[in-house]
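Numbering (the working numbering), first residue to last: 98 to 608. Note that CB positions come from ideal geometry on N, CA and C, so glycine has one too. Below is one structure, written out as structure tokens; comments come after it.
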């Protein structure tokens, strides 16, 4: 592969981006709705499929799916962030940059695929799940497919072509999920998840490659230096984050067994819904905008705090409501045999709230080109969470979950401080942004919980109690929020609309 010249011209889209913020705002506005739709389809599609499998397989067999999810998450961390993210952040992108990133991430994907096959048996033995070996062997094709996908997806994100990204995710999620459900109906059991995952990755590759095209064979040393400087530290930080977030499931599986893993994984997936849904939507839309205004920290500050407020308005009351109504929610959605998951779900409430509120910090680190800081600060969760998991282990899966929440509570101020140094805000500013939501949520959830207990005394069916309780909490919360912070209520609705329309950056600059 030949080396590129330093005088190589930038891609045409960069000339358009340099024309002004108007083009950026218009492009974001055109496609950001697709981002929201895609995230909703993907997160609720995956959660819905997990619910179907949980009810069909039961706790013991579902542990195989949970263990496979650990692997799927690892490959996503290795390939979906890091190297390809440099394509979005780099100011003057050349074809050699794309080609170098493509071949690097594809090579990593191929290496991970080979390692997956080799390590399938040791991993299954360590986790105590023999049936996991053939599952991992088949899933080994996933990293290679992801490696072929990632650069095309990054190119679409850089160009603010959220429509193409969203359409690919929606189609792949729906078709892959349909194939998975069909396989489950035909008796495939946990293999249904395997076929769903492979089909989803393959469809994403086809759709995104058709929209953005696959990069050519051009590589050069300058491009590889950028890949190494930006991508490798970010990949390292994500790897540390992966270990700190998934070591709990590995520890539970190894020391407590398959059933305990299932009762841990279901609440964990519920906890991840707001983290993945709201965080990914905000990151995908905010990252390219922040990358273009990275030299204006006050505007980055405004965008970040606005997004944090929107997430808080939705997540704080939602997670608290699920916690207090967890017995009714678990029995209604998953069935009576999953009731041991209730205390785990309650214990993970703090984790779900705080991780949702800090997950968008990645857009600040990446958008300002400070992946090195992301790597540096990623050590803190690893050092705090890992010993916490072992400390909670004597109390079973619930003890591990409670230890996780305590660890996240300790870590959050440090994470906010690191983000604030780049976005010109303090921990106090961050606290002020979310405090009104907390003040409105606590009395609403408390009153809703007491009303739920009253309804149960009349012998109302559990599903009806769950629905009534959630509706009562929602109504009371909206009323309390309008009393405590009516301006926050209105601003959050406005910010959410701007975020969905891709106009948040433009609005910030105009003020």
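Opening and closing residue of the alpha helix (DSSP H) in which residue i lies
i: residue 258; result: Residue 258 -> no alpha helix (DSSP H), and no H or E assigned at all.
i: residue 285; result: Premise fails: residue 285 is in no alpha helix (DSSP H) and is neither H nor E.
i: residue 526; result: 524 to 553
i: residue 398; result: 394 to 421
i: residue 196; result: 192 to 224
i: residue 485; result: 476 to 489
i: residue 511; result: 493 to 520
i: residue 557; result: Looking at the DSSP string, residue 557 is not in any alpha helix (DSSP H), and its letter there is neither H nor E.
i: residue 462; result: 458 to 464
i: residue 231; result: 229 to 236
i: residue 440; result: 439 to 444
Within 8 Å, strictly: CB atoms of residue i and residue j
i: residue 423; j: residue 443; result: yes
i: residue 231; j: residue 213; result: no
i: residue 226; j: residue 164; result: yes
i: residue 413; j: residue 386; result: no
i: residue 308; j: residue 248; result: no
i: residue 498; j: residue 417; result: no
i: residue 508; j: residue 481; result: yes
i: residue 361; j: residue 441; result: yes
i: residue 294; j: residue 236; result: yes
i: residue 344; j: residue 488; result: no
i: residue 300; j: residue 268; result: yes
i: residue 359; j: residue 159; result: yes
i: residue 501; j: residue 448; result: yes
i: residue 171; j: residue 339; result: yes
i: residue 425; j: residue 545; result: no
i: residue 540; j: residue 429; result: no
i: residue 281; j: residue 156; result: no
i: residue 562; j: residue 549; result: yes
i: residue 410; j: residue 367; result: no
i: residue 408; j: residue 379; result: yes
i: residue 519; j: residue 465; result: yes
i: residue 363; j: residue 490; result: no
i: residue 201; j: residue 245; result: no
i: residue 505; j: residue 452; result: yes
i: residue 150; j: residue 290; result: yes
i: residue 495; j: residue 454; result: no
Buried/exposed call for residue i, threshold 16 Cβ in 10 Å
i: residue 384; result: buried
i: residue 131; result: buried
i: residue 587; result: exposed
i: residue 584; result: exposed
i: residue 109; result: Legend: pLDDT at residue 109 = 42, less than 50; position of this residue unreliable, value from coordinates given subsequently. Answer is exposed; the Cβ neighbour count stays below 16.
i: residue 260; result: buried
i: residue 222; result: exposed
i: residue 582; result: buried
i: residue 542; result: buried
i: residue 580; result: exposed
i: residue 273; result: buried
i: residue 523; result: exposed
i: residue 431; result: buried
i: residue 112; result: Summary for residue 112: the model assigns pLDDT 43, below 50, so the residue's position carries little reliability, and this model does not support an answer.
i: residue 577; result: buried
i: residue 288; result: buried
i: residue 283; result: exposed
i: residue 398; result: buried
i: residue 392; result: exposed
Selected residue, minimal CA-CA separation from residue i, among the options
i: residue 252; options: 136, 195, 438, 577; result: 195
i: residue 514; options: 300, 527, 483; result: 527
i: residue 265; options: 369, 135, 539, 427; result: 135
i: residue 142; options: 158, 271, 439, 255; result: 271
i: residue 456; options: 371, 540, 154; result: 371
i: residue 395; options: 200, 591, 530, 521; result: 521
i: residue 220; options: 296, 536, 242, 167; result: 167
i: residue 402; options: 151, 530, 554; result: 530
i: residue 460; options: 375, 510, 492; result: 375
i: residue 434; options: 202, 140, 153, 137; result: 153
i: residue 537; options: 512, 574, 519, 510; result: 574
i: residue 297; options: 139, 215, 553; result: 139
i: residue 243; options: 571, 291, 207; result: 207
i: residue 310; options: 276, 250, 257; result: 250
i: residue 303; options: 342, 262, 276, 285; result: 262
i: residue 218; options: 229, 373, 352; result: 229
i: residue 209; options: 224, 193, 234, 192; result: 234
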